[in-house]
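>
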Amino acid sequence: VSNSGRSKNILCLVSAGLIASATGAVGSAAQEDSSAVVAIHAGRVIDGLSAASLGPSVILIEGDRITEVGPDVVIPAGAREINLLDATVLPGLIDAHTHVLFAPQDGKNPVLEKSVAFRTLEAAAAARLSLEAGFTTLRDTDSEGADFADVAVRDAIAAGLIPGPRLLVSTMALSITGGHMNHVGLAPAIDQRVPQLAVMTDTVDEMIREVRRQVKYGADWIKLYATGTMRHVDRRTLQSLAQVDEEQVRAVVEEARRWRRDVAAHAYGGDGARAAVLGGVRSLEHGLLLEEDVLELMAERGTYWAATLSNFTRSTGLAGYPDDFVDRLRSRHAEAFRTALRLGVNIVFGTDAGRVPHGSNAGEFELMVALGMSPMQAIQSATSVAAELLRLENEIGAVKPGFL
1 VSNSGRSKNI LCLVSAGLIA SATGAVGSAA QEDSSAVVAI HAGRVIDGLS
51 AASLGPSVIL IEGDRITEVG PDVVIPAGAR EINLLDATVL PGLIDAHTHV
101 LFAPQDGKNP VLEKSVAFRT LEAAAAARLS LEAGFTTLRD TDSEGADFAD
151 VAVRDAIAAG LIPGPRLLVS TMALSITGGH MNHVGLAPAI DQRVPQLAVM
201 TDTVDEMIRE VRRQVKYGAD WIKLYATGTM RHVDRRTLQS LAQVDEEQVR
251 AVVEEARRWR RDVAAHAYGG DGARAAVLGG VRSLEHGLLL EEDVLELMAE
301 RGTYWAATLS NFTRSTGLAG YPDDFVDRLR SRHAEAFRTA LRLGVNIVFG
351 TDAGRVPHGS NAGEFELMVA LGMSPMQAIQ SATSVAAELL RLENEIGAVK
401 PGFL
């Protein structure tokens, strides 16, 4: 099948699939009868683990857990039966890179033009859009200057106050003065008085202190900006700015590990990406300019990569840049993705939702398949592989007995 055909197939699967494990993944489900038995008659099952789909099967769910899967499951008397014999059933999908507190489609600066209270309400709506698109778990990678509002959204969903996916949050990311998420173009007197989009930490001691503060106030993950952003990329060499060295990364990783947390590093490529991998981060985000030697290190060390292809198109994160510059960036990103596939890097599904519209998450599948992933690999990147990244591989990411 051609890449184009495979892309259409996978989008069809995602849009048609009832998310079997969603029973226990959303806040509203927390209020359901924990003893209820549901039997789903599925025409086809993609379990998130197998290389091929299963034929007609029954998925038996008791409370919020799958208890049996197969063609010969005995359905107990009184079970609620759902007929999906004309559909493909998938695990709840996982987007490993989102920003529910960022909604750029209105053109407003989230920190300078919106209150945190308003952004929190926007985040509740954004989370619901992802859930309605089939994503029952999100790893939210930075509150984008909204302090710990992502913790509030996570907890409100978990308590059943609002509908939404399971959220794992990173609160305020760690950056450096003058680096990514530090305002540009403001007068010094103003810049020093307005909230920043991340926490500026310029020494190891400041980084360690900030990790502790993030954990204290509810962070599930720690986010570190290991390189700068697009404005820090050299237009001639395509080298990105390294914001940290290996020693600093290792200090952040070791402190996070002490609190049983993992670290995700924003990194385009170059020395910053290399330092992030050698320093022990669990995942690298974006990797727009990753070199083959860094990808080899990632494959050796089991570092996960969320490529966020959706955010690096002419209509999203690269909008407004010169055509030649965009062409070179996209070529490098595509080359890195294909190399990662060849080397066996753990590629996980991540969209940068917020910088692309919330609810459009599934578009990432088409981009991944176009660059050489099989449709099943792409699905697994958003199910079992993403669950492994989140250390939830015994809970979510598969249609399997014992799973949510």
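Going by full-length UniProt numbering, the sequence shown opens with residue 1, and the numbers climb by one from there. By construction, the Cβ of each residue, glycine as well, lies at the ideal position given by its N, Cα and C atoms.
(1) Taking the beta carbon of D234 as the centre, do at least 16 other beta carbons fall within 10 Å, making it buried, or is it exposed?
(2) Reducing DSSP to helix, strand and coil, say where E68 ends up.
(3) Taking C-alpha atoms, which residue in R342, L288, A265 lies nearest to G300?
(4) For the beta strand (DSSP E) that D220 lies in, which residues bound it at each end?
(5) Please report the residue range of the beta strand (DSSP E) in which H41 lies.
(6) Have a look at the DSSP bridge pairing and note the partners of V348.
(7) Tell me whether Q380 is buried or exposed, calling it buried when 16 or more other Cβ atoms sit within 10 Å of its Cβ.
(8) In angstroms, rounded to a whole number, what distance separates the CA positions of E68 and V38?
(9) Can you give, in chain order, each stretch of the alpha helix (DSSP H) that sits fully within the region 183-266 and has at least 4 residues?
(10) Taking a contact to mean a Cβ-Cβ separation below 8 Å, would you say I396 touches L389 in this structure?
(11) Give the straight-line distance between the Cα atoms of T229 and L129, rounded to the nearest whole angstrom.
(12) Name, in chain order, the residues that DSSP records as bridge partners for T88.
(13) Leaving out the 5 sequence neighbours to the left and right, which residues in its chain are closer than 6 Å to N9 when beta-carbon positions are compared?
(14) According to DSSP, what are the bridge partners of T316?
(15) So the alpha helix (DSSP H) H333 belongs to, where does it begin and stop?
(16) With S381 as the anchor, note down where its beta strand (DSSP E) starts and where it stops.
(17) According to DSSP, which residues form a beta bridge with G269?
(18) Could you compute how far the alpha carbon of T313 sits from the alpha carbon of L49?
(19) Can you confirm whether the region 337-354 touches the region 286-303 when touching is taken to mean that 3 or more C-beta pairs between the two stretches lie within less than 8 Å?
(20) May I ask you to report which of helix, strand or coil DSSP gives D95?
(21) Indicate the three-state DSSP secondary structure (helix, strand or coil) for L112 in the structure shown.
(22) Judging by CA-CA distance, which residue of S240, I347, R260, R261 is the nearest neighbour of T303?
(23) Identify the continuous alpha helix (DSSP H) that holds E62 and give its terminal residues.
(24) Here's a check: name, in chain order, each residue in its chain whose Cβ is nearer than 8 Å to the Cβ of I176, leaving out the five neighbours to either side.
(25) Please determine, among L295, V252, E255, W259, the residue with the shortest C-alpha to C-alpha distance to A273.
(26) Which residues bound the beta strand (DSSP E) around F135?
(27) From the DSSP output, in three-state form, read off Q31 for me.
(28) Taking just the CA atoms, how far does D142 sit from V100?
(29) So the alpha helix (DSSP H) V369 belongs to, where does it begin and stop?
(30) By the three-class DSSP mapping on this structure, what secondary structure does A353 have?
(31) Helix, strand or coil for S143 per DSSP?
(32) Please list the terminal residues of the continuous alpha helix (DSSP H) segment that includes V153.
(33) Can you check which of these residues, V111, R119, T98, V263, is closest to L131 by C-alpha distance?
(34) For L389, report the span of its alpha helix (DSSP H) as first-last.
(35) Do L309 and V277 count as a contact pair if the criterion is CB distance below 8 Å?
(36) Alpha carbon to alpha carbon, what distance is there between A127 and V89?
Short version:
(1) Numbered from 1 along the sequence shown, position 234 holds the residue referred to as residue 234. Flag for D234 reads exposed.
(2) Walking along the sequence shown from the start, residue 68 turns up at place 68. The answer is strand: DSSP assigns E68 an E or B state.
(3) Here residue 300 refers to the residue found at position 300 when the sequence shown is read from its first residue. Checking the sequence shown, residue 300 turns out to be Glu, not Gly. Checking every option, the nearest Cα to that of E300 belongs to R342.
(4) Locating residue 220 in the sequence shown gives position 220, where the first residue counts as 1. Per DSSP, D220 belongs to no beta strand (DSSP E) and is neither H nor E.
(5) Residue numbering aside, residue 41 sits at position 41 when the sequence shown is read from its first letter. Here the beta strand (DSSP E) through H41 covers 37-45.
(6) In the sequence shown, the residue the question calls residue 348 occupies position 348. DSSP, once it has assigned bridges, lists A306 as partnering V348.
(7) On the sequence shown, position 380 is the one that residue 380 refers to. Buried: at least 16 other Cβ atoms inside 10 Å.
(8) Taking the sequence shown and counting its residues from 1, the one referred to as residue 68 is at position 68. Taking the sequence shown and counting its residues from 1, the one referred to as residue 38 is at position 38. Near 11 Å, if we compare the C-alpha coordinates of V38 and E68.
(9) 188-191, 204-216, 246-258
(10) As a first step, residue 396 is located in the sequence shown; it is residue number 396 there, counting from the start. As a first step, residue 389 is located in the sequence shown; it is residue number 389 there, counting from the start. No, Cβ-Cβ distance for I396 and L389 is not below 8 Å.
(11) Along the sequence shown, read from residue 1 onward, the residue named residue 229 stands at position 229. Along the sequence shown, read from residue 1 onward, the residue named residue 129 stands at position 129. Near 27 Å, if we compare the C-alpha coordinates of L129 and T229.
(12) As a working note, residue 88 is residue 88 in the sequence shown. Partner(s): R44.
(13) As a first step, residue 9 must be located in the sequence shown, where it is residue number 9. Caution is warranted here: a pLDDT of 37 is assigned to N9, below 50, making its placement in the model unreliable, and the coordinate value is therefore given only provisionally. Cβ neighbours of N9 beyond the five flanking positions: P375.
(14) Here the question's residue 316 lines up with position 316 in the sequence shown. Beta-bridge pairing links T316 to no other residue.
(15) Locating residue 333 in the sequence shown gives position 333, where the first residue counts as 1. Start and end: 323-343.
(16) What you label residue 381 is simply residue 381 of the sequence shown in a count that begins at 1. It is not in any beta strand (DSSP E) - S381 instead sits in the alpha helix (DSSP H) that spans 375-381.
(17) Within the sequence shown, the letter at position 269 stands for residue 269. Answer is L289.
(18) Within the sequence shown, numbered from 1, the residue matching residue 313 stands at position 313. Within the sequence shown, numbered from 1, the residue matching residue 49 stands at position 49. Using only the alpha carbons, I get a separation of about 30 Å.
(19) yes
(20) Against the sequence shown, residue 95 aligns to sequence position 95. If DSSP states are grouped into helix, strand and coil, D95 belongs with the strands.
(21) The sequence position of residue 112 within the sequence shown is 112, counting from 1. Helix, per DSSP.
(22) Position 303 of the sequence shown holds residue 303. Of S240, I347, R260, R261, the residue nearest in Cα terms is I347.
(23) Looking up residue 62 in the sequence shown gives position 62. Where E62 is concerned, there is no enclosing alpha helix (DSSP H), although the beta strand (DSSP E) it sits in stretches over 57-62.
(24) Position 176 of the sequence shown holds residue 176. Result list for I176: N182, M200, T201, D202, Y225, Q243, V244, in chain order.
(25) Residue numbering aside, residue 273 sits at position 273 when the sequence shown is read from its first letter. Answer by Cα proximity: L295.
(26) For the purposes of this step, residue 135 is taken as residue 135 along the sequence shown, with counting starting at 1. Its beta strand (DSSP E) spans residues 135-140.
(27) As a first step, residue 31 must be located in the sequence shown, where it is residue number 31. With a pLDDT of 47 at Q31, under the threshold of 50, the modelled position of this residue cannot be trusted, and the question is left open.
(28) The sequence position of residue 100 within the sequence shown is 100, counting from 1. The sequence position of residue 142 within the sequence shown is 142, counting from 1. Taking the straight line joining both Cα atoms gives about 9 Å.
(29) One-based indexing of the sequence shown puts residue 369 at position 369. Here the alpha helix (DSSP H) through V369 covers 363-370.
(30) If you number the sequence shown from 1, residue 353 lands on position 353. A353 falls in the strand class under three-state DSSP.
(31) Here residue 143 is taken as the residue at index 143 of the sequence shown, counted from 1. S143: coil per DSSP, three-state reduction.
(32) Counted from its first residue, the sequence shown places residue 153 at position 153. Segment 149-158, the alpha helix (DSSP H) holding V153.
(33) Position 131 of the sequence shown, counting from 1, holds the residue named residue 131. The shortest Cα separation from L131 among V111, R119, T98, V263 belongs to T98.
(34) Taking the sequence shown and counting its residues from 1, the one referred to as residue 389 is at position 389. Where L389 is concerned, the enclosing alpha helix (DSSP H) stretches over 384-389.
(35) In the sequence shown, counting from the first residue as 1, residue 277 sits at position 277. In the sequence shown, counting from the first residue as 1, residue 309 sits at position 309. No, they are not a contact pair.
(36) Walking along the sequence shown from the start, residue 89 turns up at place 89. Walking along the sequence shown from the start, residue 127 turns up at place 127. For V89 and A127, the distance between alpha carbons rounds to 22 Å.
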